[in-house]
Amino acid sequence: MDNAGYIVTAFGVVWIGLFIYLFVLVQREKALRKEIAALKEDMKKA
Amino acid sequence: MKFWNSVAAIAWKDILSELRTKEIISSVLVFAVLVLVIFNFAFNLAPDLILQIAPGILWVAFAFSGVLSLNRAFIPEKEENCLEGLMGCPVGREAIYVGKALGSLFFMVLVEAVILPVFALLFNIAVLQSGLITVTLLATIGFVAVGTIFSALAVNTRAREMVLPILFLPVVSPVIIAAVKASAISLNGQSWSDMTIWLAIILAFDIIYLTVPFLVFPYVIEE
Amino acid sequence: MNSTQAISSAPLAVETSGVVKSFGNYIALRGIDLKVPAGSTLAVFGPNGAGKTTLIKILASIMRPTSGKILIEGLELKDNVELLRARLGLVAHQSYLYSNLSAWENLDFYARMYGLDDRSKRIGEVIDLVSMTGRKHDRLSTFSRGMQQRMALARALLHKPPILLLDEPETGLDQQALDAMWDIIKREEDGRRTIIFTSHSFERALAVCNDVVILERGRIAYKAQACTLNLDGLKQKYQECTAAVKK
Amino acid sequence: MRTRIFIILSAILLLVTIAMEMLLIPSLASAQNKDLIQYSPVFYWHIPVAWVALFAFLCVFIASIAYLWKRTPFWDIVATTSAELGVVFTTFFLLTGSIWAKFAWGTWWAWDARLTSSLVLWIIYIAYFLLRTYISNPEQRARFAAVFGILGFVDVPIVILTLFVSNQMHPGDAAFHLDKPQMIITLVTGVVAFTLLYLGLLFFGIHLREDAYEVSKLKETDGG
Numbered sequence: 139m140d141n142a143g144y145i146v147t148a149f150g151v152v153w154i155g156l157f158i159y160l161f162v163l164v165q166r167e168k169a170l171r172k173e174i175a176a177l178k179e180d181m182k183k184a
Numbered sequence: 033m034k035f036w037n038s039v040a041a042i043a044w045k046d047i048l049s050e051l052r053t054k055e056i057i058s059s060v061l062v063f064a065v066l067v068l069v070i071f072n073f074a075f076n077l078a079p080d081l082i083l084q085i086a087p088g089i090l091w092v093a094f095a096f097s098g099v100l101s102l103n104r105a106f107i108p109e110k111e112e113n114c115l116e117g118l119m120g121c122p123v124g125r126e127a128i129y130v131g132k133a134l135g136s137l138f139f140m141v142l143v144e145a146v147i148l149p150v151f152a153l154l155f156n157i158a159v160l161q162s163g164l165i166t167v168t169l170l171a172t173i174g175f176v177a178v179g180t181i182f183s184a185l186a187v188n189t190r191a192r193e194m195v196l197p198i199l200f201l202p203v204v205s206p207v208i209i210a211a212v213k214a215s216a217i218s219l220n221g222q223s224w225s226d227m228t229i230w231l232a233i234i235l236a237f238d239i240i241y242l243t244v245p246f247l248v249f250p251y252v253i254e255e
Numbered sequence: 022m023n024s025t026q027a028i029s030s031a032p033l034a035v036e037t038s039g040v041v042k043s044f045g046n047y048i049a050l051r052g053i054d055l056k057v058p059a060g061s062t063l064a065v066f067g068p069n070g071a072g073k074t075t076l077i078k079i080l081a082s083i084m085r086p087t088s089g090k091i092l093i094e095g096l097e098l099k100d101n102v103e104l105l106r107a108r109l110g111l112v113a114h115q116s117y118l119y120s121n122l123s124a125w126e127n128l129d130f131y132a133r134m135y136g137l138d139d140r141s142k143r144i145g146e147v148i149d150l151v152s153m154t155g156r157k158h159d160r161l162s163t164f165s166r167g168m169q170q171r172m173a174l175a176r177a178l179l180h181k182p183p184i185l186l187l188d189e190p191e192t193g194l195d196q197q198a199l200d201a202m203w204d205i206i207k208r209e210e211d212g213r214r215t216i217i218f219t220s221h222s223f224e225r226a227l228a229v230c231n232d233v234v235i236l237e238r239g240r241i242a243y244k245a246q247a248c249t250l251n252l253d254g255l256k257q258k259y260q261e262c263t264a265a266v267k268k
Numbered sequence: 002m003r004t005r006i007f008i009i010l011s012a013i014l015l016l017v018t019i020a021m022e023m024l025l026i027p028s029l030a031s032a033q034n035k036d037l038i039q040y041s042p043v044f045y046w047h048i049p050v051a052w053v054a055l056f057a058f059l060c061v062f063i064a065s066i067a068y069l070w071k072r073t074p075f076w077d078i079v080a081t082t083s084a085e086l087g088v089v090f091t092t093f094f095l096l097t098g099s100i101w102a103k104f105a106w107g108t109w110w111a112w113d114a115r116l117t118s119s120l121v122l123w124i125i126y127i128a129y130f131l132l133r134t135y136i137s138n139p140e141q142r143a144r145f146a147a148v149f150g151i152l153g154f155v156d157v158p159i160v161i162l163t164l165f166v167s168n169q170m171h172p173g174d175a176a177f178h179l180d181k182p183q184m185i186i187t188l189v190t191g192v193v194a195f196t197l198l199y200l201g202l203l204f205f206g207i208h209l210r211e212d213a214y215e216v217s218k219l220k221e222t223d224g225g
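Chains as they are written, first to last, in my numbering: chain A, 139 to 184; chain B, 33 to 255; chain C, 22 to 268; chain D, 2 to 225.
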């Protein structure tokens with residue numbers, strides 16, 4: 139791998155890593171929204 | 033003055049209780065000698081090579097036998113629930129930490145006092161050098177200072193035998209590195225001035241990890 | 022209110038106001054207000070999980086309350102912890118003694134922790150008091166449940182505490198051992214000692230206490246003087262309080 | 002909304018630093034010192050990432066002390082989120098570091114002081130999360146995590162010092178010195194960009210955990 143290859147991989151690694159982390163956070167938020175919705179149903183029913 | 037009386041009382045109680053059953057001491061010693069023997073097979077040591085890795089072997093034996101004995105440090109307090117009895121005594125919670133640390137220090141020094149001659153025997157290295165002894169003692173103080181509070185932490189968790197090494201070994205790694213480097217210097221017969229930097233690091237570690245746990249320990253044991 | 026003046030004038034050995042204790046979301050005590058005069062004996066009843074043990078541990082300064090004030094002999098427990106611990110004795114479910122050590126060594130350890138000066142004399146006295154003289158050099162692990170409970174009492178009385186806390190002292194004791202224990206507690210200090218104990222046996226408790234309190238889900242549901250109650254009255258009150266729980 | 006702004010802002014700055022690194026820095030490097038560290042673009046992300054990781058561990062330390070003092074779940078949430086970010090950024094540091102090691106010394110992992118010390122710190126904060134998984138009672142978990150957050154952070158300077166001293170014994174790479182103004186500007190923008198990114202992710206994470214905490218409380222009372 140020549141010089142530029144290293145740089146691209148380095149930047150790539152960080153960018154991809156950040157997007158994965160952001161994706162994980164967004165997934166957590168979606169799961170949380172689902173739970174809140176489910177809770178609302180229980181509240182209405184109880 | 034009462035503080036130190038209770039510290040002495042706790043340390044003496046630990047020592048007495050352990051000497052009565054000798055369960056920790058015997059198993060830790062056997063374990064430490066085993067580590068030395070395993071290293072002997074692992075490296076089929078050429079004489080000149082030994083000096084290089086001797087400190088490493090020594091400190092791996094100390095580190096893991098240390099973890100083994102620290103794992104047991106708070107068992108009587110936890111299993112027989114005596115911690116609440118200690119907490120009811122008219123003395124600061126820090127005294128429990130210092131007392132237990134002294135007790136563990138006594139055992140670790142005892143283990144080291146046995147391992148060093150065995151090590152000298154197995155690897156025929158002149159071990160009784162003032163440099164090595166001081167480094168070992170200084171490092172053991174730091175070792176026990178961190179290990180005691182982590183042992184108190186670990187004993188309250190589910191998988192306590194696993195939690196202690198995971199928490200303890202990375203945090204104590206600088207002392208192990210510094211001790212290995214300093215021991216190598218003293219084993220090669222170099223003068224004290226060469227290892228002042230390492231002694232300084234170990235000393236700094238000791239001071240930090242005697243004061244910070246002292247301040248934080250009450251939070252570990254209060255309900 | 023400086024400390025010396027507080028001790029002499031305060032008739033109350035123990036006073037709590039608004040003591041709350043919560044473990045995360047679970048609330049064990051929801052505001053306890055108690056006034057225990059010096060020298061009196063208070064029995065605390067209540068179903069399991071009502072917060073009896075939590076209350077005892079908080080009074081013994083082993084557990085910190087989430088909020089509320091505790092005055093021991095007029096002094097704020099929070100600010101004089103080490104001074105007041107020397108005036109509190111506790112007998113809990115566990116004996117707080119080390120099974121590897123002998124009875125004498127255990128008491129010697131706690132005598133040092135409480136900073137007693139005439140250690141061996143006091144230890145000898147307390148061991149004779151609980152009539153364990155014959156076994157004083159044997160290891161705790163060889164003791165029966167009853168003997169361990171007596172040793173726990175010996176440990177609690179070691180430093181002559183004016184206030185004694187007992188958490189269900191009758192657990193694991195037969196009738197005869199229980200009578201012996203109460204006799205010991207009452208004989209020492211000829212009644213000047215304040216005793217707070219939790220219990221499940223109404224009959225036994227009524228015989229020894231001056232005041233009665235029924236705890237129910239972290240609150241005081243009923244408070245009365247023992248003399249105004251007979252056994253059936255107490256049982257009936259207990260049903261009423263705990264019945265509320267079942268509804 | 003704060004979190005959105007922080008993240009977008011940092012994204013822009015990150016693009017700016019890439020542009021500066023790609024165009025500006027290589028042009029400065031003359032023929033012979035091309036592979037010196039301060040002339041390679043990765044360096045201008047490597048250092049900010051390391052700085053943010055350490056900053057995150059500092060925040061864990063402060064949040065842990067605040068928790069032990071105030072005992073409100075908020076501080077425990079801040080400590081956990083910051084520790085998580087610390088681990089994420091240390092992972093980036095290790096990844097870019099090993100790419101750099103491959104570039105500079107031809108091996109994926111070189112026991113040089115920077116990489117080893119960040120590996121040790123990485124393990125310490127993984128241990129932080131392991132400890133949290135081993136305790137079920139939430140109050141005790143928060144208290145023990147706070148204690149370890151303090152004891153762990155106090156170790157950071159010693160770990161870095163020890164490894165840099167042990168490294169001096171057999172020097173890894175040449176020490177870097179930023180002589181050209183453009184270098185300093187790129188480095189500063191990089192640091193600002195990553196710090197903003199950290200703050201954005203931190204607030205986002207804190208909101209998430211706060212809502213999760215509310216939901217768990219609701220579930221308990223609802224079911225009770």
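C-beta: ideal position from N, C-alpha, C; glycine also. Small disclaimer: the values here were computed from a predicted structure and weren't measured.
Counting along the chain, the unbroken alpha helix (DSSP H) around C:R106 starts and ends at 102-106. With a contact defined as Cβ atoms closer than 8 Å, D:S119 and D:L95 qualify at about 6 Å. Under a criterion of Cβ atoms nearer than 9 Å, no residue of chain C is adjacent to B:A43; the nearest Cβ is some 11 Å distant. Looking only at C:E237, C:Y259, C:P182, the smallest Cα-Cα distance to C:E224 is reached by C:Y259. Any Cβ of chain A closer than 8 Å to the Cβ of D:V43 would place that residue at the interface, and such an atom is present. Using a Cβ distance threshold of 8 Å, B:E116 and C:I83 count as a contacting pair.
For B:L242, same chain residues with a beta-carbon under 6 Å away, outside a window of 5 residues either side, are A177 in chain order.
By the rule that beta-carbons nearer than 8 Å mark a contact, C:G45 touches chain D. With a cut-off of 8 Å on Cβ pairs, the region 165-183 of chain A is not in contact with the region 70-81 of chain B, counting fewer than three such pairs.
Between the region 35-51 of chain C and the region 236-251 of chain B there are fewer than three inter-stretch CB-CB distances shorter than 8 Å, so the stretches are not counted as touching.
With fewer than 16 other Cβ atoms inside 10 Å of its own Cβ, B:E193 counts as exposed.
Where C:G39 is concerned, the enclosing beta strand (DSSP E) starts and stops at 33-44.
For the options C:E237, C:D232, C:G254, the alpha carbon positioned closest to that of C:Q246 is the one of C:D232. Interface flag for D:W106 against chain A is unset, since no Cβ pair is found closer than 8 Å. The Cβ atoms of B:V123 and C:M134 sit closer than 8 Å to each other. The alpha-carbon separation between C:T163 and C:A124 amounts to approximately 10 Å. Take C:R213, set aside five residues on each side of it, and the residues of its chain with a beta-carbon closer than 6 Å to its own are G60, in chain order. Secondary-structure assignment with DSSP links C:V57 through a beta bridge to C:V35. Cβ proximity to chain B below 8 Å picks out L118, Y119, S120, N121, L122, E126, F130, Y131, R133, M134, Y135 from the region 118-135 of chain C.
Looking only at D:E211, D:D77, D:V50, D:I13, the smallest Cα-Cα distance to D:G150 is reached by D:D77. A Cβ-Cβ distance of about 4 Å is found for the pair C:G89 and C:G39, placing them in contact under the 8 Å criterion. Excluding sequence positions up to five before and after C:S141, its CB lies less than 7 Å from no other CB in the same chain.
Taking 8 Å as the upper bound for CB-CB distance, B:I82 and B:L170 are not in contact here, some 24 Å apart. Closer than 9 Å at the C-beta level to chain D, one finds these residues of the region 172-197 of chain B: V178, I181, F182, L185, A186, N188, T189, R190, A191, R192, M194, V195.
V102, E103, L104, L105, R106, A107, R108, L109, G110, L111, A113: these are the residues of the region 92-113 of chain C whose beta carbon lies less than 9 Å from some beta carbon of chain B, given in chain order. Collapsing the DSSP output to three states places B:E111 in a helix.
For C:K90, the secondary structure class from DSSP, reduced to helix, strand or coil, is strand. By the Cβ rule, the region 177-190 of chain B counts as touching the region 88-105 of chain B, because three or more pairs are nearer than 8 Å.
Annotated as proximal: D:L116 and D:G98, with beta-carbon spacing under 8 Å.
Close partners of D:N138 in chain C (Cβ separation under 8 Å): F44, G45. The C-beta of D:E221 comes closer than 8 Å to at least one C-beta of chain C. Only I124, I125, A128, L131, L132, Y135, I136, S137, Q141, R144, F145, A147 from the region 123-147 of chain D bring a Cβ to less than 8 Å from some Cβ of chain B. One alpha carbon belongs to B:V92, the other to B:R190, and they sit about 26 Å apart.
For C:I235, the uninterrupted beta strand (DSSP E) run begins and ends at 232-237, by DSSP. Counted as a single uninterrupted DSSP element, the beta strand (DSSP E) harbouring C:G110 occupies residues 109-112. Using beta-carbon distances, A:F157 does not count as an interface residue toward chain D, since no partner is under 8 Å.
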